[in-house]
Amino acid sequence: MKPESILAHEPKVLTQAQRETYFNDGYLVLEEFISPEWMKRIWDTTNEFIEESRSYKQSDSKFDLDQGHSSETPRLRRLTSPVSHHPIYWEFASQGPIVDVAEDLLGPDVTFHHSKLNFKWGGGGEEVKWHQDIPFYPHTNYSVLAIGLYMNDVDDEMGPMGAIPGSQFGPIYSHYNKEGEWVGAMRDEDAAKLPTSKTGWMKGKAGSITIHHCRTVHGSMPNNSNRMRPLLINAYSSADALTITSHPAPCKEALQVVRGKRPEYAVFDSEPCPLPPDWSGGYTSIFAAQQEEN
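Listed below in structure tokens is the structure:
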């Protein structure tokens, strides 16, 4: 759905100025948007999974383990597809307050795409190199976004997410290296040309949410604090933006319409999008890809 059509709809929770900021800059931060009640439910559930991870010795389709992970000192990079592992995550993604935000920025008909919980553990939790989301999961048009929930207070030391303002209007970059291998990040020569001095660092208190457009160039530095920086991410699209490749994290919740109705027509953007590898055989995580562990 095009921005002008979206902006013509009455917003549910955002101001018109906030919507315009998102469409101009390609990202938005809403401070302490999620209630303490929701935060407690999500944390209680997350702590259950941290405890469960103690029994894991290697990464799998559920847990992506960080270096140094053990039963005594768990260290996680990611819980993949949390919505498929606990109903609280799916309730939040399909009925929680972030769905109103998605509707305000995508239009009245909204499709859920995927979820992930990136932990970025304290004491050096890995950076996320500059990248765009849409090359991971191309759609017929670019009305696609991701909403992240900061589960702890996030300051400069913790590696907050940073975005290049206006980069959603620029090119869609290759996320393959020169050998043709998928690495889930921009090439060094492309990243070197970014106006990083203009980076908007999305910090915030626990309960704050970040929203970024699928074409916005973004990344984060390592977490050098002694506190973990869990970021629960849910991605959505306008219902008329249909996926055109295998889903990187398939689950029964993926591609469900969570607001409004299914579209009568697919809308196609004239600008082409680079294709990712064939994900039908599975996908680990952006961390594994960027560290070229595969």
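Per my numbering, the sequence shown runs over residues 1374 to 1667. Don't be surprised by glycine CBs; every beta carbon is placed ideally from N, CA and C.
Query - Distance, Phe1542 Cα to Tyr1510 Cα - result: Looking at the two C-alpha atoms, the distance is approximately 18 Å.
Query raised in the report: For Ala1608, which residues does DSSP report across the bridge?
Result: Under DSSP, Ala1608 forms a beta bridge with His1487 and Ala1519.
Requested in this report: Check whether the stretch 1385-1395 touches the stretch 1531-1541, taking contact to mean three or more Cβ pairs, one atom from each stretch, closer than 8 Å.
Outcome: With the cut-off at 8 Å, the stretch 1385-1395 and the stretch 1531-1541 do not touch.
Query raised in the report: So, helix, strand or coil for Met1412, using DSSP?
Result: Under the three-state reduction of DSSP, Met1412 is assigned to helix.
Requested in this report: Take Leu1401 and list the residues in its own chain whose beta-carbon comes closer than 7 Å to its own, dropping the five residues that flank it on each side.
Outcome: So the qualifying residues of the chain are Gln1391, Thr1394, Tyr1395 and Ile1584.
Query raised in the report: Do the CB positions of Lys1489 and Thr1453 come within less than 7 Å of each other?
Result: Yes, the Cβ-Cβ distance between Lys1489 and Thr1453 is below 7 Å.
Query raised in the report: Using a Cβ-Cβ cut-off of 7 Å (strictly less than) and excluding sequence neighbours within five positions of Ala1558, which residues of its own chain qualify?
Result: Spatial neighbours of Ala1558 in its own chain (CB-CB distance under 7 Å, excluding positions within 5 residues in sequence) are listed in chain order as Lys1502, Trp1503, His1504, His1548 and Gln1663.
Query - Same chain, Cβ closer than 7 Å to Leu1615, five either side skipped, listed in chain order - result: Contacts found: His1512, Thr1513 and Ala1639.
Query raised in the report: For the putative contact between Ile1379 and Leu1479, defined by C-beta atoms under 8 Å, what is the C-beta separation to the nearest angstrom?
Result: That pair is a contact at about 7 Å.
**Report entry** Gly1441 vs Arg1448 beta-carbon contact at 7 Å
**Finding:** Yes, these two residues count as a Cβ contact at 7 Å.
Query raised in the report: Helix or strand or just coil, what does DSSP make of Gly1399?
Result: Here Gly1399 sits in coil by DSSP.
Report task. Would you kindly work out how many angstroms separate the C-alpha atoms of Phe1406 and Ser1581, rounded to a whole number? Result -> Between the C-alpha atoms of Phe1406 and Ser1581 there is a straight-line separation of about 5 Å.
Query raised in the report: With 16 as the cutoff for other CB atoms within 10 Å, does Asp1529 come out buried or exposed?
Result: Classification for Asp1529: exposed.
Query raised in the report: In terms of alpha-carbon separation, which member of Glu1476, Ser1434 and Ile1415 lies closest to Gly1654?
Result: If we check each option's Cα against that of Gly1654, Ser1434 comes out closest.
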